[in-house]
Amino acid sequence: MSAPEMLKNGNPLLKYMRQDKLPHFFCPGCGCGQVVNAFLRACESLELDLGTMVGIGGVGCTARIPVYIDMDCLHGVHGRTLAWATGIKLHKPDTKVVVFAGDGDALSIGGNHFIHAARRNLDVTFVVVNNFNFAMTGGQVAPMTPDGAVTMTTPYGSSEPPFDLCKLAVTAGATYVARTLTASPPQMTTFLKNALSHKGFSVVEILSQCPTHFGRYALGSGSPKNLVEWIKSHTVPASAADKMKPEEVAGKYLLGEFVKAERPVFRGSTIYTAPCQGCAESKEAKA
Amino acid sequence: MGLESRVLTGVHFMQGNYAAVEGAIAAGCDFFAGYPITPANEVSEGMARRLPAVGGAFFQGEDELCSIYAITAASLAGAKAMTATASAGYDYMQEGIEYAVAVEAPVVVLDVMRCRGENFATQADIMQVRWAAAGDHEMIVLAPSTVQEMFDFTVRAFNLAEEYRTPVVVISEMSLALMRERLEIPEASAIPVVNRKRTTKQPSEYLPFQAASEFGVPDFAELGTGYRVIHSINPHDERGDIEWEPHAFERLYRRITGKVRENRKKISTTQRFMLDDAEIALVAFGSEVRPCLDAVHAAREKGIKAGVLKLDAPWPIPEEAIVETAANVGALVTVEMNIGRYAGEVERIVCGKCRTARATKNLGTPHTPDEILSVIEEVRS
Numbered sequence: 192m193s194a195p196e197m198l199k200n201g202n203p204l205l206k207y208m209r210q211d212k213l214p215h216f217f218c219p220g221c222g223c224g225q226v227v228n229a230f231l232r233a234c235e236s237l238e239l240d241l242g243t244m245v246g247i248g249g250v251g252c253t254a255r256i257p258v259y260i261d262m263d264c265l266h267g268v269h270g271r272t273l274a275w276a277t278g279i280k281l282h283k284p285d286t287k288v289v290v291f292a293g294d295g296d297a298l299s300i301g302g303n304h305f306i307h308a309a310r311r312n313l314d315v316t317f318v319v320v321n322n323f324n325f326a327m328t329g330g331q332v333a334p335m336t337p338d339g340a341v342t343m344t345t346p347y348g349s350s351e352p353p354f355d356l357c358k359l360a361v362t363a364g365a366t367y368v369a370r371t372l373t374a375s376p377p378q379m380t381t382f383l384k385n386a387l388s389h390k391g392f393s394v395v396e397i398l399s400q401c402p403t404h405f406g407r408y409a410l411g412s413g414s415p416k417n418l419v420e421w422i423k424s425h426t427v428p429a430s431a432a433d434k435m436k437p438e439e440v441a442g443k444y445l446l447g448e449f450v451k452a453e454r455p456v457f458r459g460s461t462i463y464t465a466p467c468q469g470c471a472e473s474k475e476a477k478a
Numbered sequence: 104m105g106l107e108s109r110v111l112t113g114v115h116f117m118q119g120n121y122a123a124v125e126g127a128i129a130a131g132c133d134f135f136a137g138y139p140i141t142p143a144n145e146v147s148e149g150m151a152r153r154l155p156a157v158g159g160a161f162f163q164g165e166d167e168l169c170s171i172y173a174i175t176a177a178s179l180a181g182a183k184a185m186t187a188t189a190s191a192g193y194d195y196m197q198e199g200i201e202y203a204v205a206v207e208a209p210v211v212v213l214d215v216m217r218c219r220g221e222n223f224a225t226q227a228d229i230m231q232v233r234w235a236a237a238g239d240h241e242m243i244v245l246a247p248s249t250v251q252e253m254f255d256f257t258v259r260a261f262n263l264a265e266e267y268r269t270p271v272v273v274i275s276e277m278s279l280a281l282m283r284e285r286l287e288i289p290e291a292s293a294i295p296v297v298n299r300k301r302t303t304k305q306p307s308e309y310l311p312f313q314a315a316s317e318f319g320v321p322d323f324a325e326l327g328t329g330y331r332v333i334h335s336i337n338p339h340d341e342r343g344d345i346e347w348e349p350h351a352f353e354r355l356y357r358r359i360t361g362k363v364r365e366n367r368k369k370i371s372t373t374q375r376f377m378l379d380d381a382e383i384a385l386v387a388f389g390s391e392v393r394p395c396l397d398a399v400h401a402a403r404e405k406g407i408k409a410g411v412l413k414l415d416a417p418w419p420i421p422e423e424a425i426v427e428t429a430a431n432v433g434a435l436v437t438v439e440m441n442i443g444r445y446a447g448e449v450e451r452i453v454c455g456k457c458r459t460a461r462a463t464k465n466l467g468t469p470h471t472p473d474e475i476l477s478v479i480e481e482v483r484s
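First to last, the sequence lines map onto chains G and Y. Each residue of the first sequence is one higher than the last, beginning at 192 in our numbering. Each residue of the second sequence is one higher than the last, beginning at 104 in our numbering.
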């Protein structure tokens, strides 16, 4: 079905998008469209009002996601998404804020903001679309590029050890952390729903295909199908990993929810409590 | 009275940095983010104590970038927001200032200029505060000369930021930031407070980056209130949509620069001291105004008719006031605490209407009156 026909027939989620901005600029086969789909399904099933929410994107392919969704949006500065989110949440704590970041945006230039937002338990949802490289700029090595992978800036293979974003998030103090993949829309939607309903810093890492760059350079194939299969073959459900031999789990991405915890959310660096009227007298009385 | 009161009406003996805190809170500041840096720490420390007690939020960001973006987003969410830093910290913030300019977010940035890596007084960053951010932009920069002006100009900075929906920078030097002198805070009712104009239109009719005139300021809609606005640094049209059509973003750049530049007479006020009969005019801003006034008195005792054109706002540069002064004196001397930066702009504007000279030094302290006097005498001879 062509894009105009799809528009005419009406995807039920289209009403949540800026339809005049379509077609979007994602490459054919990119995972970002699937993420939009899962996110809108999650919002719909939670009956969230997008008009009262703020979507944030920095710079990168993933960062364009909120631009296509019919909601308030901050966009266009690399890596500062969580700094923006902090300003909004401290001034208007009831505003729901969702950040969409690629792996470079989230953990390269934005890495410091990420660990501090996790430490503070900032009440936002941080969706990281991990496509294993800097895609918008042409396929350079990123903090989650697999060991040895060929990219435009690692022509002889990457000798940069990658981050495990979920482990980092857990260690830094995030209170909801999950990893899923575009190949499983139901799981993606479920985790996004859980993240959106969570009070505190919720992180969802979505393993996603970039056929244009990562597929062609690292895997030698620009086929989205091959890339999705490669991702699937490199994942293991966290629930199954315990029962598997270490060599079977080595080099695999664990899928699942790693943390669901409650902790006070960030309201500012120092909170003032008005002195209680009459407390001084009662202290004196006790003395 | 005290911690929970927004306006501490009365006479104080206060440090410059604290005076800025009180000015901000009196102007309605309800969000502050900052990262430790000397000699601006008293602003953060003062805000940390005062702001939460008056119902605002204080946030110590993990760095300057976080701080500038946090205040910008808070501003888009409706806050009157401020940060404070010193030169090296401003380096980092210029990125966020570029964003605030592009999405027309009112924010106030206090920059206590300091020598590279050390805390000596300087005005070496007078060009940095004008030009640092990428892209076509104008900046409003206020330069107080006294602790009283630290208070008054910080109030004014918020008001200008709200009126023109743009970042406003207040610059000071250590010589002013850490100095204590008399400050009189008026009654709350006597402090003018401007609030940005909010849209009365329905979301379906609202164009977030459309102004009523070519160089106008768009009405504001707060985040999360149903207006669904894209606030992108990317070239955008009146609707906020990212727009690659060159005429659309040229229109935007013309408006966001024009709204400041075309209002420079209102923004960039000056104060004239003994200029009416002057043969020699000193042009100065910030801490340097103080020794200039002493030097002018000393010159007059020696029979040299000198005066001072004090620039309240070095940017946008008050072209008309400089031209008018140049037309009525024999020589114009730019006095600044650096190797000579603003002087180039002054001389460009004077454009031969009178002789020009410079009194410049970057030795970590303001000029002494004698140093300025010797330049006056040299120019006269």
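Built from N, CA and C at the ideal position, the CB exists for glycine as well. Since we're looking at a predicted model, the values are computed, not measured.
By the neighbour-count definition (other C-beta atoms within 10 Å, threshold 16), G:Trp275 is a buried residue. Flagged as an interface residue toward chain G: Y:Asn337, by a C-beta distance shorter than 8 Å.
In the DSSP assignment, G:Ile397 forms a beta bridge with G:Val320 and G:Thr371.
The DSSP assignment places complete beta strand (DSSP E) segments of no fewer than 3 residues inside the segment 241 to 265 of chain Y at 243 to 245, in order along the chain.
In the displayed model, Y:Ala462 falls within a strand according to three-state DSSP. Three or more pairs of CB atoms, one per stretch, sit closer than 8 Å, so the segment 110 to 126 of chain Y contacts the segment 278 to 292 of chain Y. According to the DSSP assignment, Y:Cys169 belongs to the alpha helix (DSSP H) that extends over Glu167 to Leu179. With a threshold of 8 Å between beta carbons, Y:Val332 makes contact with chain G. With a contact defined as Cβ atoms closer than 8 Å, G:Val440 and G:Ala432 qualify at about 5 Å. Secondary structure note for Y:Ser147: its alpha helix (DSSP H) is the uninterrupted segment Asn144 to Arg153.
At least one beta carbon of chain G lies nearer than 8 Å to the beta carbon of Y:Leu326. By the beta-carbon neighbour count (other beta carbons within 10 angstroms, threshold 16), Y:Asp379 is exposed. In this structure, the straight-line span from the alpha carbon of G:Ile256 to that of Y:Ala160 is close to 30 Å. Boundaries of the alpha helix (DSSP H) harbouring Y:Asp194: Ser190 to Ala205, taken from the DSSP string. DSSP places G:His269 outside any beta strand (DSSP E), giving it a letter other than H or E. Contact check for Y:Val212 against Y:Thr175 fails: the beta carbons are separated by 8 Å or more.
For secondary structure counted as the beta strand (DSSP E) over 3 or more consecutive residues, the segment 206 to 283 of chain G holds these complete runs in sequence order: 244 to 248 and 263 to 266.
Pairwise C-beta distances place the segment 211 to 226 of chain G in contact with the segment 245 to 259 of chain G, as three or more of them are shorter than 8 Å. Counting along the chain, Y:His400 sits inside the alpha helix (DSSP H) bounded by residues Val392 to Glu404. Per the C-alpha coordinates, the member of Y:Glu341, Y:Thr302 and Y:Ala264 positioned closest to Y:Gln313 is Y:Glu341. Distance from the Cα of Y:Glu287 is smallest, within the candidate group Y:Ile336, Y:Ala182 and Y:Val110, for Y:Val110.
G:Ile306 and Y:Phe323 have their C-alpha atoms roughly 33 Å apart. At least one CB of chain Y lies nearer than 8 Å to the CB of G:Lys212. For G:Leu418, no CB of chain Y lies under 8 Å from its own CB, so it is not counted at the interface with that chain. With respect to the C-alpha of G:Gly220, the residue from G:Glu238, G:Met379, G:Ala374 and G:Ala409 having the closest C-alpha is G:Ala374. For the segment 280 to 310 of chain G, the set of positions with a beta-carbon nearer than 7 Å to some beta-carbon of chain Y reads Leu281, His282, Lys283, Thr286, Asn303, His304 and His307 in chain order. DSSP places Y:Val273 within a strand segment (E or B) once states are collapsed to three. Taking the C-beta atoms as reference points, Y:Ile243 is found nearer than 8 Å to Y:Ala416. Rounded to the nearest angstrom, the gap between the Cα atoms of Y:Pro306 and G:Asp338 is 49 Å.
With respect to Y:Gly164, G:Val245 sits apart: the two C-beta atoms are not nearer than 8 Å. With 16 or more other Cβ atoms from the protein chains shown falling within 10 Å of its own Cβ, G:Gly295 counts as buried. Contact with chain Y is found for G:Tyr463, since one of that chain's Cβ atoms lies less than 8 Å from the residue's Cβ.
G:His215 does not reach chain Y, its nearest Cβ partner there being about 12 Å away, counting only Cβ pairs nearer than 8 Å. Sequence-distant partners of Y:Met117 (beyond 5 residues in either direction) whose C-beta falls short of 7 Å from its own C-beta, in its chain, are Val250, Arg283 and Leu286.
At a cut-off of 8 Å, the C-beta of G:Cys264 has a neighbouring C-beta in chain Y. Not one beta carbon of chain Y lies nearer than 8 Å to the beta carbon of G:Thr342.
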